[in-house]
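**Student:** Pasting in a structure now, in structure tokens, and then I'll have a few things to ask.
Take a look at the structure:
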């Protein structure tokens, strides 16, 4: 299903007009109209905003491949895109470079990913795969957010350090990735820690602190070993308690 069709179905399922849908996103109704008529395309940031605003699964805009061959080809394109960013610091690698590195014709690449926003969105889904599920499970059984961060989330992030280093150091995707991390994990913390005042500053301070630690860790040229990072966090957060975050 096309992204425009998904947006239209979502809007109608919530009983909203294009104007009402647009107002929730602080955009013009013309944008929504263009998306639904396939005359425009939401940015990666906007797709993530829609997901957050309407509490949708992260892969809401992902169209599942219809065959095994399509799945393999799509995975190859995404893996190649990550590799191609290794030597592309300031500008996203071109579709021509993706074609050269992957061996997949440019028209096939654009069949799966018509724009860079589609590629960025798919990359975020790929890198975050399984992390959210496991973190969500940890938060559902442990109210100590800092403990979950140090003991459960950090090892999973370390296992993806090569991909995360790229996402945190390439300016054409780092802002999008940071936005995703902050919004998605803030919503998880709020969901499983109702004692935190979601309307106050405590949750904002907490998420800014945690995401800054991750950003510094994953932006290093050589990622600090997991055990050293965990030890550092335990030292800095030695006096952790949930009351620390109350307003």
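Residue numbers (my numbering): 15 to 261.
Glycine included, C-beta positions come from ideal geometry on N, C-alpha and C.
Source: prediction; values computed, not measured.
1. Can you list, in chain order, the residues of its chain whose CB lies under 7 Å from that of residue 106, leaving out five sequence neighbours each side?
2. Could you tell me whether the segment 163 to 175 touches the segment 30 to 50, where touching means 3 or more Cβ pairs closer than 8 Å?
3. Terminal residues of the continuous alpha helix (DSSP H) containing residue 103?
4. Between residue 150 and the rest of its own chain, which residues show a CB-CB distance below 8 Å, the 5 nearest in sequence each way excluded?
5. How far does the alpha helix (DSSP H) with residue 58 in it reach, from first residue to last?
6. Could you tell me if residue 288 is buried or exposed, where buried requires 16 or more neighbouring beta carbons within 10 angstroms of its beta carbon?
7. Measuring from the CB of residue 247, is there a heavy atom of the ligand FMN at a distance below 7 Å?
8. What is the rounded straight-line gap between the Cα of residue 91 and the Cα of residue 85?
9. Need the endpoints of the alpha helix (DSSP H) that residue 166 sits in, please.
10. Taking C-beta to C-beta, are residue 145 and residue 95 nearer than 8 Å?
11. Does the distance from the CB of residue 142 to the CB of residue 240 come in under 8 Å?
12. Does the segment 175 to 194 come into contact with the segment 109 to 125, if we say contact requires no fewer than three beta-carbon pairs (one atom in each stretch) closer than 8 Å?
13. Relative to the C-alpha of residue 181, which candidate in 16, 157 and 140 has its C-alpha closest?
14. Using the beta-carbon count (16 or more within 10 Å), is residue 116 buried or exposed?
15. Our contact map puts residue 221 next to residue 200 with C-beta atoms below 8 Å; I'd like the distance itself, whole angstroms only.
16. Spatial neighbours of residue 35 within its chain, please: CB distance less than 6 Å, with the 5 preceding and 5 following residues excluded, ordered by chain position.
17. Quick one: using the 10 Å Cβ neighbour count with 16 as the cut-off for buried, is residue 198 buried or exposed?
18. Please give me, in chain order, every unbroken run of the alpha helix (DSSP H) with length at least 4 that falls completely inside the segment 124 to 205.
19. Between residue 20 and residue 39, is the Cβ-Cβ spacing less than 8 Å?
20. Within 10 angstroms of its Cβ, does residue 231 collect 16 or more other Cβ (buried), or is it exposed?
21. In the structure shown, what three-state DSSP assignment does residue 249 receive?
22. So, under 8 Å CB-CB, residue 61 and residue 184 are touching, yes? Tell me the CB distance rounded to an integer number of Å.
23. How long is the line joining the alpha carbons of residue 22 and residue 49, rounded to whole angstroms?
24. Note down the Cα distance separating residue 226 from residue 179, rounded to an integer number of angstroms.
**Tutor:** A quick look at the data gives this:
1. As a working mapping, residue 106 is identified with position 92 in the chain shown. Counting only residues of its own chain and dropping the five nearest sequence neighbours on each side, residue 106 has a CB closer than 7 Å to the CB of 130 and 186.
2. At 8 Å Cβ cutoff, the stretches do not touch.
3. Translated into the one-based positions of the chain shown, residue 103 becomes position 89. For residue 103, there is no enclosing alpha helix (DSSP H), since its DSSP letter is neither H nor E.
4. Position 136 of the chain shown, counting from 1, holds the residue named residue 150. The residues are 202 and 206.
5. In the chain shown, residue 58 corresponds to position 44, counting from 1. Start and end: 58 to 67.
6. With the chain covering only 15 through 261, there is no way to say anything about residue 288.
7. The ligand FMN is not among the ligands present in this structure, which contains no ligands whatsoever.
8. In the chain shown, counting from the first residue as 1, residue 91 sits at position 77. In the chain shown, counting from the first residue as 1, residue 85 sits at position 71. Answer to the nearest angstrom: the Cα atoms are 10 Å apart.
9. By 1-based counting over the chain shown, the position of residue 166 is 152. Note, residue 166: premise wrong, no alpha helix (DSSP H); not H, not E.
10. As a first step, residue 145 must be located in the chain shown, where it is residue number 131. As a first step, residue 95 must be located in the chain shown, where it is residue number 81. Not a contact, by the Cβ cut-off of 8 Å.
11. The residue you call residue 142 lines up with position 128 of the chain shown. The residue you call residue 240 lines up with position 226 of the chain shown. It is not a contact, given that the beta carbons lie outside the stated cut-off.
12. Counting Cβ pairs under 8 Å, fewer than three are found: no touch.
13. Here residue 181 refers to the residue found at position 167 when the chain shown is read from its first residue. Looking at 16, 157 and 140, the one whose alpha-carbon comes closest to that of residue 181 is 140.
14. As a position in the chain shown, residue 116 is number 102, starting the count at 1. With 16 or more other Cβ atoms within 10 Å, it is buried.
15. Numbered from 1 along the chain shown, position 207 holds the residue referred to as residue 221. Numbered from 1 along the chain shown, position 186 holds the residue referred to as residue 200. Between residue 221 and residue 200 the beta-carbon gap is near 5 Å, inside 8 Å, which marks them as a contact.
16. Looking up residue 35 in the chain shown gives position 21. If you ignore the 5 residues before and after residue 35, its C-beta comes within less than 6 Å of the C-beta of 25 and 46, all in its own chain and listed in chain order.
17. Here the question's residue 198 lines up with position 184 in the chain shown. Residue environment analysis places residue 198 among the buried positions, since at least 16 neighbouring C-beta atoms fall within 10 angstroms of its C-beta.
18. Runs of the alpha helix (DSSP H) inside the segment 124 to 205: 130 to 142, 145 to 155, 159 to 162, 168 to 173 and 175 to 183.
19. Position 6 of the chain shown, counted from the start, is the residue given in the question as residue 20. Position 25 of the chain shown, counted from the start, is the residue given in the question as residue 39. Taking 8 Å as the Cβ cut-off, residue 20 and residue 39 do not qualify as a contacting pair.
20. For the purposes of this step, residue 231 is identified with residue 217 of the chain shown, where counting begins at 1. By the 10 Å Cβ count, residue 231 comes out buried.
21. Position 235 of the chain shown, counted from the first residue, corresponds to residue 249. In the structure shown, the three-state DSSP call for residue 249 is helix.
22. Taking the chain shown and counting its residues from 1, one reaches residue 61 at position 47. Taking the chain shown and counting its residues from 1, one reaches residue 184 at position 170. Not quite, the Cβ-Cβ distance comes to about 19 Å (not below 8 Å), so this is no contact.
23. Position 8 of the chain shown holds residue 22. Position 35 of the chain shown holds residue 49. Their backbone Cα atoms lie some 8 Å apart in a straight line.
24. Against the chain shown, residue 226 aligns to sequence position 212. Against the chain shown, residue 179 aligns to sequence position 165. The straight-line gap from Cα to Cα measures roughly 14 Å.
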